[in-house]
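> If you read the sequence shown in the numbering used here, its first letter stands for residue 1063, the second for the next number, and so on.
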Amino acid sequence: MKAWLLDKLGSIENLRLADAPEPELHSGDVLLEVIYSALNPADRYLAEGAYPARPALPHILGRDGVGRVLAVGSGVSGWQLNDHALIIRGPVGVERAGTFAQRVAVPANCLAHVPGGWTLQQAACASLVYLTAWQALTQFGPVGRLVVLITGASGGVGVAATQLAAAMGHHVIALSRSPDKAAKLRQLGAAFTADPADPTWRKSVLTHLGSRRVDLAIDNIGGSGFSELLDVMGMWGKISVVGRLAGPVPQFNTASLFFRRLRIGGVAVGTYTAEEAQSAWRHVLETLAGGDHRPLIDSEFPFDQLPQAFAKLAAGPMGKVLLRVR
Ligand SMILES: NC(=O)c1ccc[n+]([C@@H]2O[C@H](COP(=O)([O-])OP(=O)(O)OC[C@H]3O[C@@H](n4cnc5c(N)ncnc54)[C@H](OP(=O)(O)O)[C@@H]3O)[C@@H](O)[C@H]2O)c1
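Given below as structure tokens:
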């Protein structure tokens, strides 16, 4: 089969499209013909060696995807030949071969059926970002209706968090550096948008909120903007730290946490067990159905244009970047 192979860690420029051995089907696995795959920044981090996983090389990246069942391993029930299946976050593309390939073997407990009314493209790109957004929204326990602020809101996780938070009844404030993407985020459910590159963004958020403050911030960006976030947080405010696209936080004063009893919590979708991920996925689907939301696709690239697809992801998408494999 054809696959994008990573021969050594260091850069996604080390990827090459080549012939690769067919996946081995172990007990408990299902073999998929990959139809669509989706990109995530973590694929790049893994290629750069900046991710904890150290898979055997050459490695095949790609955590998300949808495919057609070609074979079912021993001990697997619930899947038939030619069924369509989407991959829920697990070892695929991390510790074992991923979806930037024509075929992939997936543990059956990391598969789900394509939700009714969804296209295959929508199914291919959803699970990792919606599960991440779900963990970010729920990790501090059950809550009422909150003011939720989302940074990097136009990206994969940001769109998922915006849609889920709006469908959960939260008041969503979405940050984007692009006026066009901000307008789209308002259509997706954000009550207010602001540009984090505008030095007055905190003032405009506080003016919008009146006497209220942000209860939960979901931060996909890190960098110098992280400390700015704290200025709009309310008493007992919580911050779910998801990503750090702008790099490390250069300066942070721990005293900024004291007086409002702010809490910071890391998000790691990979810490969901297969059972927890399946349960969270069911909650995600119920929530999205309530808000009539669907995954948002930024762009789709043919299989031989994975480098161009990574360039599009790095440029800042509006939703998800897909790879058309079949
Ligand atoms: N912890 C976890 O379990 C987990 C899971 C999934 C993803 N992540 C991480 O979460 C982060 C977001 O992932 P994603 O898939 O949503 O990324 P993405 O699709 O690439 O989008 C991120 C968005 O952030 C904005 N952005 C990018 N670079 C920026 C910068 N330097 N400064 C300010 N804004 C910037 C852009 O929006 P605008 O152009 O509109 O401003 C972009 O559309 C990544 O770091 C990813 O690795 C973590």
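Beta carbons: idealized from backbone N, C-alpha and C, even for Gly.
Quick caveat: nothing in here was measured; it's all calculated off a predicted structure.
Secondary structure at T1255, three-state DSSP: helix, strand or coil?
Locating residue 1255 in the sequence shown gives position 193, where the first residue counts as 1. Strand, per DSSP.
> Excluding the 5 residues flanking P1379 on each side, which residues of the same chain have their C-beta closer than 8 Å to its C-beta?
Residue 1379 sits at position 317 when you count from the first residue of the sequence shown. Closer than 8 Å at Cβ, skipping near neighbours: S1216, G1217, G1218, D1360, S1361.
> Quick one, which of G1296, E1338, E1290 has its alpha-carbon nearest T1194's?
For this step, residue 1194 is matched to residue 132 along the sequence shown. Closest by alpha carbon: E1338.
> Within this structure, are the beta carbons of D1091 and P1153 separated by less than 7 Å?
Numbered from its first residue, the sequence shown carries residue 1091 at position 29. Numbered from its first residue, the sequence shown carries residue 1153 at position 91. Cβ distance not < 7 Å, so D1091 and P1153 don't count as in contact.
> Just to confirm, is the Cβ distance from L1247 to A1236 under 7 Å?
Taking the sequence shown and counting its residues from 1, the one referred to as residue 1247 is at position 185. Taking the sequence shown and counting its residues from 1, the one referred to as residue 1236 is at position 174. Yes. Within cutoff.
> Anyone know if the C-beta pair for V1387 and S1099 falls short of 7 Å?
Position 325 of the sequence shown holds residue 1387. Position 37 of the sequence shown holds residue 1099. Yes, the Cβ-Cβ distance between V1387 and S1099 is below 7 Å.
> State yes or no: is the C-beta of T1255 nearer than 6 Å to some heavy atom of ligand 1?
One-based indexing of the sequence shown puts residue 1255 at position 193. Outside the cutoff, so no.
> Which runs of the beta strand (DSSP E) at least 3 residues long sit entirely within the region 1101–1166? Give them in chain order.
The region 1101–1166 contains these whole beta strand (DSSP E) runs: 1126–1134, 1146–1149.
> DSSP three-state label for R1248, please.
Reading the sequence shown from its first residue, position 186 is the one you call residue 1248. DSSP places R1248 in helix when its eight states are reduced to three.
> Report the rounded CA-to-CA distance for K1064 versus G1251, giving the unit in angstroms.
For the purposes of this step, residue 1064 is identified with residue 2 of the sequence shown, where counting begins at 1. For the purposes of this step, residue 1251 is identified with residue 189 of the sequence shown, where counting begins at 1. C-alpha separation (whole angstroms): 40 Å.
> Excluding sequence positions up to five away, which residues of its chain have a Cβ less than 8 Å from the Cβ of V1176?
Within the sequence shown, numbered from 1, the residue matching residue 1176 stands at position 114. Closer than 8 Å at Cβ, skipping near neighbours: V1128, H1146, A1147, L1148, L1182, A1185.
> Could you tell me which residues DSSP puts in a beta bridge with E1431?
Since the first residue of the chain shown is 1063 and the last is 1388, residue 1431 is not available in this structure.
> Alpha carbon to alpha carbon, what distance is there between S1189 and R1158?
For the purposes of this step, residue 1158 is identified with residue 96 of the sequence shown, where counting begins at 1. For the purposes of this step, residue 1189 is identified with residue 127 of the sequence shown, where counting begins at 1. About 18 Å.
> For R1356, which residues of its own chain have a beta-carbon under 6 Å away from its beta-carbon, when the five flanking residues on both sides are left out?
On the sequence shown, position 294 is the one that residue 1356 refers to. Hits under 6 Å: Q1184.
> Near F1389, which residues of its chain fall below 6 Å by C-beta distance, leaving aside the five closest residues on each side in sequence?
No information on residue 1389 is available, as it lies outside the stretch 1063 to 1388 that the chain covers here.
> I want to check one thing, is the minimum distance from the CB of P1369 to the heavy atoms of ligand 1 below 6 Å?
Along the sequence shown, read from residue 1 onward, the residue named residue 1369 stands at position 307. No, the Cβ of P1369 stays beyond 6 Å of every heavy atom of ligand 1.
> Any chance the CB of L1307 is under 6 Å from a heavy atom of ligand 1?
Position 245 of the sequence shown, counted from the first residue, corresponds to residue 1307. L1307: yes, Cβ under 6 Å from ligand 1.
> According to DSSP, what are the bridge partners of Y1192?
In the sequence shown, counting from the first residue as 1, residue 1192 sits at position 130. In the DSSP output, where bridge partners are listed per residue, Y1192 has none listed.
> Taking all protein chains shown into account, decide if G1160 is buried (16 or more other Cβ within 10 angstroms of its Cβ) or exposed.
Position 98 of the sequence shown, counting from 1, holds the residue named residue 1160. With 16 or more other Cβ atoms within 10 Å, it is buried.
> Just to confirm my understanding: we take P1103, look at its own chain, exclude 5 residues before and 5 after, and list those with CB closer than 6 Å. What are they?
Counting from one through the sequence shown, the residue named residue 1103 turns up at place 41. Closer than 6 Å at the Cβ level, and outside the excluded window around P1103, lies no residue.
> Under 7 Å, do V1462 and S1289 count as touching if we go by C-beta distance?
Lying outside 1063 to 1388, the shown extent of the chain, residue 1462 is not represented and no answer is given.
> With the cut-off set at 7 Å, would you say A1229 and V1304 are in Cβ contact?
In the sequence shown, counting from the first residue as 1, residue 1229 sits at position 167. In the sequence shown, counting from the first residue as 1, residue 1304 sits at position 242. It is not a contact, given that the beta carbons lie outside the stated cut-off.
> Just list the residues that DSSP pairs E1095 with in beta bridges.
For the purposes of this step, residue 1095 is taken as residue 33 along the sequence shown, with counting starting at 1. The partner list for E1095 (beta bridge, DSSP) reads R1130, R1165.
> Could you check whether the Cβ of A1236 sits closer than 6 Å to any heavy atom belonging to ligand 1?
Here residue 1236 refers to the residue found at position 174 when the sequence shown is read from its first residue. Checking every heavy atom of ligand 1 against the Cβ of A1236, none is found closer than 6 Å.
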